[in-house]
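Per my numbering, the sequence shown runs over residues 79 to 355. Yeah, the Cβ is synthetic: ideal placement off N, Cα and C, and Gly gets one too. Note that the structure is predicted; figures quoted are calculated from it, not measured. Input: a single structure, listed below in structure tokens.
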Amino acid sequence: MHCYFNGDIIPVEQASVKINDLALLRGYGLFDYFRTYNGVPFEWDGYWARFTRSAEVLRLPVALTQAQTADVLAELYRLADKPDIAYRFVLTGGYSPDSVSVVEPNFLIIAENLPKDNPEGRYRGIKVLPFEFVRDLPELKSTNYLHMIRLAAEMKSQGAADLLYHKDGEVSELTRSNFFIFKGDTLITPDQNILHGITRRVVLELAKKDFKVEIRPLKVEELEEADEAFTTSTTKWVMPVVQIGRQIVGDGKPGVRTLKLLEQFEELVTGYGLVKA
79 MHCYFNGDII
89 PVEQASVKIN
99 DLALLRGYGL
109 FDYFRTYNGV
119 PFEWDGYWAR
129 FTRSAEVLRL
139 PVALTQAQTA
149 DVLAELYRLA
159 DKPDIAYRFV
169 LTGGYSPDSV
179 SVVEPNFLII
189 AENLPKDNPE
199 GRYRGIKVLP
209 FEFVRDLPEL
219 KSTNYLHMIR
229 LAAEMKSQGA
239 ADLLYHKDGE
249 VSELTRSNFF
259 IFKGDTLITP
269 DQNILHGITR
279 RVVLELAKKD
289 FKVEIRPLKV
299 EELEEADEAF
309 TTSTTKWVMP
319 VVQIGRQIVG
329 DGKPGVRTLK
339 LLEQFEELVT
349 GYGLVKA
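This is the structure in structure tokens:
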């Protein structure tokens, strides 16, 4: 696989950064991640807008325009020679002479093989562990995934796939994905302290056709009233959550409403980018 690094497209194994990069020294960096379907980058405009907004928050200039970046994506896809791939954007604070000052960011676009992120969980459901935490600057995808990595062994020991963040009585998100519950035919998802996921937005549009949708603060105590729960992301699609800590959600099986949204999303991405006759 190949990557773009500060103006050059090179094999991934040839890319390297110096040890005075602010992402290493201070954790000052951001990333984004998306994939192709049928060779077409999924929701490209939405991902680019989110990436550049995140860069603005961290006051890091992006060296390429959207059109130039699209050309890079096309070349990386050609070089990968696979039906579909994933793209990982990384924008770091760059090399700093004093370990504090931003001089020039490093911009990296990596072509990756598609991950296998527990696809069977989409039909069996997953368990998550409540964890009291809210990410710094939750509207951007920073490179700080400290708690997810630090608690990986504990999650594994409890048969959990992820953490469910909450703070001051309100639920926000999982470590890498957005969170939803169903109360009857009403779909509820948090609106604060979250990353505004692109998959989240697509699923909300699908849901509006069949369900009442509420985008609002979600209280921790409402989890006990949930008939169904699920999470969304690039790799998870629409993945049922059947257990939260010790609490079983609904009957402990993926709900019919959740599976309906999963079916609709799968149908959408299966035909994504294909020219209709």
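Taking the Cα of Ile-326 as reference, the smallest distance to any Cα among Gln-342, Phe-308, Leu-339, Thr-312 is reached at Phe-308.
DSSP lists Thr-309 as the bridge partner or partners of Met-317.
Taking C-beta atoms as the reference points, Thr-221 and Leu-108 count as a pair closer than 8 angstroms. Its Cα nearest to that of Leu-224, the residue Val-212 stands out among Val-249, Phe-120, Val-212. For a cut-off of 8 angstroms, the C-beta gap from Asp-162 to Leu-192 is around 6 angstroms, short enough to register as a contact. Residue nearest to Thr-264 within the set Ala-231, Glu-232, Asp-305 is Asp-305 (criterion: CA-CA distance). A direct Cα-Cα distance of roughly 28 angstroms separates Phe-167 from His-244.
If you draw a straight line from the Cα of Val-95 to the Cα of Pro-295, it comes to about 41 angstroms.
Between Gly-172 and Val-181, the C-beta spacing is below 8 angstroms. Here Tyr-201 is exposed: its Cβ has fewer than 16 other Cβ atoms, across all protein chains shown, within 10 Å.
Here Gly-351 is near Tyr-115, since their CB atoms are less than 8 angstroms apart.
Between Val-347 and Phe-185, the CB-CB gap reaches or exceeds 8 angstroms. Within the region 203-257, complete alpha helix (DSSP H) segments of at least 4 residues are found at 224-228, 230-235, given in chain order.
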